[in-house]
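Numbering (UniProt numbering), first residue to last: 1 to 80.
Quick reminder that beta carbons are idealized off the backbone N, C-alpha and C, glycines included.
Contents: one structure, followed by commentary.
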């Protein structure tokens, strides 16, 4: 199982994606990641474990942008 969330058109995309993933965490709590796009740059944050672990990594960066996607994963097969 998994949860997917996306955001277009906001400057605080990273925070909106993290909040959305927190609401979807029951759909997958083995690993999570977000990708945020700004101009020609795409930054990816990903971590094993719960969304709180992803938040620690993402909050350590000031990178943000108007477009992004997030994903949670429940590892039914393979390593998270």
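Asked: Entirely within the UniProt domain "Glutamine amidotransferase type-2" (2-80) and at least 4 residues each: give me those alpha helix (DSSP H) ranges in chain order.; Found: 13-23, 51-59
Asked: Counting only the same chain and skipping the five closest in sequence on each side, list residues whose C-beta sits under 6 Å from that of residue 8.; Found: 67
Asked: Less than 8 Å between the beta carbons of residue 33 and residue 19, yes or no?; Found: no
Asked: Taking all protein chains shown into account, decide if residue 4 is buried (16 or more other Cβ within 10 angstroms of its Cβ) or exposed.; Found: exposed
Asked: Assign residue 115 to one of two classes, buried (16 or more other C-beta atoms within 10 Å of its C-beta) or exposed (fewer than that).; Found: The requested residue 115 is not part of the displayed model; the chain covers only 1 to 80.
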